[in-house]
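Quick note, the sequences are listed as chains A and B, same order.
Residue numbering for the first sequence follows my numbering, beginning at 73 and increasing consecutively.
Residue numbering for the second sequence follows my numbering, beginning at 73 and increasing consecutively.
Idealized CB from N, CA, C, for every residue including glycine.
Number of protein chains: 2
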Amino acid sequence: MAGEPALAVSTVIFALRNDGEAGAASLRLPLVRRIREPFDGCWALPGGPIEAEESLAAAAGRNLLETTGLEPNYLEQLYAFGDTDRSPGERVISIVYWALVRSDEASLAAEGENVRWFAADELPELAFDHNQIVDYALWRLRTKMEYSRIAHAFLGETFTLAELRQVHEAVLRRPIDPANFRRQVEGSKAIIATEQRLTGGRHRPPRLYRYNTSVEFTDNGPLAHS
Amino acid sequence: MAGEPALAVSTVIFALRNDGEAGAASLRLPLVRRIREPFDGCWALPGGPIEAEESLAAAAGRNLLETTGLEPNYLEQLYAFGDTDRSPGERVISIVYWALVRSDEASLAAEGENVRWFAADELPELAFDHNQIVDYALWRLRTKMEYSRIAHAFLGETFTLAELRQVHEAVLRRPIDPANFRRQVEGSKAIIATEQRLTGGRHRPPRLYRYNTSVEFTDNGPLAHS
């Protein structure tokens with residue numbers, strides 16, 4: 073149909089990475105440099121049109137794979153952005169997903185002249201309304217961190233309480249008292265202590281925990297994760 | 073572009089109405105009878121294509137106005153549905169909004185041969201994946217009711233505690249103890265008692281309450297309500 077808006081899927085990909093000068097992990101996301109107008113040369117979220125036989129989530133997963141070589145550990149629809157003036161010269165409606173990848177995998181991600189990881193809180197001026205989209209994704213991530221088991225997606229199968237606390241600190245951007253955190257986590261049913269301890273030559277290696285998978289991880293309610 | 077998916081906006085419109093045989097208000101939504109294939113003669117959510125100069129939310133508001141003659145008291149994006157097989161013969165991606173309208177306004181809504189209000193929990197087999205969409209909207213409404221001031225959108229500026237409790241009962245589909253409800257509501261900062269009482273010839277007319285608008289009603293986080 074002539075004049076019908078164009079449709080795209082874009083993906084905000086978060087990982088905790090140790091790329092900074094300081095030792096602490098920070099929340100980072102990969103961006104792609106645009107090589108055509110509009111916004112030629114600007115950084116943008118990875119994305120593009122939907123293929124005929126592809127679901128929306130599959131298109132988002134493809135964005136992630138093509139940009140970073142990674143598979144998502146968590147993928148959720150964020151929002152459809154459709155303001156009439158968001159793309160000069162053409163009406164584009166972007167259905168945006170957000171993805172989390174594990175820190176150990178993110179450190180292996182491809183990077184190049186036209187793909188670079190940025191600190192989520194120190195982004196340049198991005199193409200289109202992509203700064204606003206990242207702000208909204210950050211808000212969603214932080215809200216979710218407070219009440220769900222989303223931190224899991226940044227970690228491996230087992231993790232120490234210090235690792236889990238560092239995820240919360242990096243995402244929420246505030247220091248968390250270790251003793252309070254331990255009390256809170258151990259008081260909840262979300263985490264189970266395993267019999268294993270972190271390997272390495274330490275005198276008192278810390279205990280490893282895992283998420284309690286018998287508690288359901290419902291984020292999309294009755295929608296299947298497709 | 074040939075082969076590009078078609079895009080539509082549909083809207084799930086909820087209101088509390090007293091249409092049933094019993095006296096209690098129930099959660100109801102208007103549906104539109106389809107008059108062409110696919111699903112000719114089936115009931116469906118109101119919706120259609122987006123106009124060139126129209127935001128997504130404006131398209132959803134237009135669905136509501138054209139179907140019921142009403143303005144929404146609350147309007148929020150629900151989800152974009154894009155499975156490849158959801159519409160026979162054509163790929164259609166539907167960006168779905170949900171709206172709440174006030175009970176007193178809903179009772180004035182237009183109804184006709186091709187527009188009818190149904191009890192949200194007793195729907196017929198709808199066109200496309202619209203049963204699944206309504207289920208998801210119901211889940212979102214019920215989740216939101218638990219932690220936000222969404223019930224407000226069903227009520228006028230002032231209301232009695234009994235009216236507020238009836239909204240919660242109709243949406244959550246369970247009886248709520250009046251004394252507990254009063255205690256909980258009065259203990260929160262969400263509601264403020266006014267000096268007014270319900271008019272009418274009663275011996276002890278109940279007090280009217282209003283929402284505390286100094287507490288922010290943030291549902292979309294940093295996104296503007298557009």
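| Asked | Found |
| --- | --- |
| Coarse secondary structure for SER175/A, derived from DSSP in three states | helix |
| Nonlocal neighbours in the same chain, by C-beta distance under 8 Å from ALA234/A, ignoring five residues either side | PRO250 and PRO278 |
| Minimum C-alpha distance to THR230/A - residue among HIS275/A, ARG255/A, ARG174/A and ALA199/A | ARG174/A |
| Burial state of PRO247/A (16 or more Cβ within 10 Å) | exposed |
| Interface flag, ILE222/A vs chain B, CB-CB below 8 Å | no |
| Endpoints, the alpha helix (DSSP H) within which ALA234/A is located | 233–244 |
| Contacts around ARG237/A, its chain only, beta-carbon distance under 8 Å, and the 5 residues preceding and following it disregarded | ILE248, PRO250 and PHE253 |
| Span separating the alpha-carbon of ARG100/A from that of ARG221/B | 34 Å |
| Which residues DSSP lists as bridging VAL168/B, in chain order | SER82/B and TYR151/B |
| Backbone secondary structure at LEU128/A - three-state DSSP | helix |
| Opening and closing residue of the beta strand (DSSP E) in which ALA191/A lies | 187–191 |
| Short-range partners of chain B found in the segment 113–137 of chain A, where Cβ spacing is below 8 Å | PRO121, ILE122, ALA124, GLU125, GLU126, SER127 and LEU128 |
| CB contact below 8 Å: PRO110/A versus chain B | no |
| Presumed contact (8 Å Cβ cut-off) between LEU136/A and LEU128/A, rounded CB distance | Not quite, the Cβ-Cβ distance comes to about 13 Å (not below 8 Å), so this is no contact. |
| Reduced DSSP secondary structure (H/G/I, E/B, other) of LEU101/B | strand |
| Rounded straight-line distance, which links the Cα of PRO196/A to that of LEU244/A | 21 Å |
| Contact check, ALA198/B vs ALA116/B, beta carbons under 8 Å | According to the sequence shown, residue 198/B is Leu rather than Ala. Going by C-beta atoms, LEU198/B is nearer than 8 Å to ALA116/B. |
| Per DSSP, cross-strand counterpart(s) of GLY120/A | VAL81/A |
| Cβ of TYR151/B within 8 Å of any chain A Cβ | yes |
| Extent of the continuous alpha helix (DSSP H) to which GLU258/A belongs | 250–259 |
| Given 8 Å, three or more beta-carbon pairs between the segment 83–92 of chain A and the segment 162–180 of chain A | yes |
| Limits of the unbroken beta strand (DSSP E) element including ILE263/A | 263–269 |
| Range of the contiguous beta strand (DSSP E) that encloses VAL282/A | One detail in the question is off: residue 282/A reads as Arg in this sequence, not Val. Counting along the chain, the beta strand (DSSP E) containing ARG282/A begins and ends at 279–283. |
| Chain B contact residues for ARG282/A, given Cβ-Cβ distances below 9 Å | The premise fails here: ARG282/A is roughly 27 Å from chain B at the closest Cβ pair, so nothing lies under 9 Å. |
| Where PRO77/B meets chain A, residues with beta-carbon distance less than 7 Å | LEU79 and ILE122 |
| ILE165/A classed as buried or exposed, judged by whether at least 16 other C-beta atoms fall within 10 angstroms | buried |
| Selected residue, minimal CA-CA separation from ALA130/B, among ARG105/B, THR140/B, GLU148/B and CYS114/B | GLU148/B |
| Through-space distance from ASP112/A to ASP155/A, alpha-carbon basis | 21 Å |
| Closest residue to PHE200/B among VAL81/B, PRO110/B, SER98/B and ALA96/B (Cα-Cα distance) | PRO110/B |
| Secondary structure of ARG89/B, DSSP reduced to three states | strand |
| Residue from ASP157/A, ILE205/A, LEU270/A and GLY184/A whose Cα sits closest to the Cα of ALA192/A | ILE205/A |
| Alpha carbon of PHE190/A to alpha carbon of PRO77/A, nearest angstrom | 30 Å |
| Neighbouring residues, chain A, relative to ILE167/B (Cβ below 8 Å) | ALA152, GLY154, ILE165 and ILE167 |
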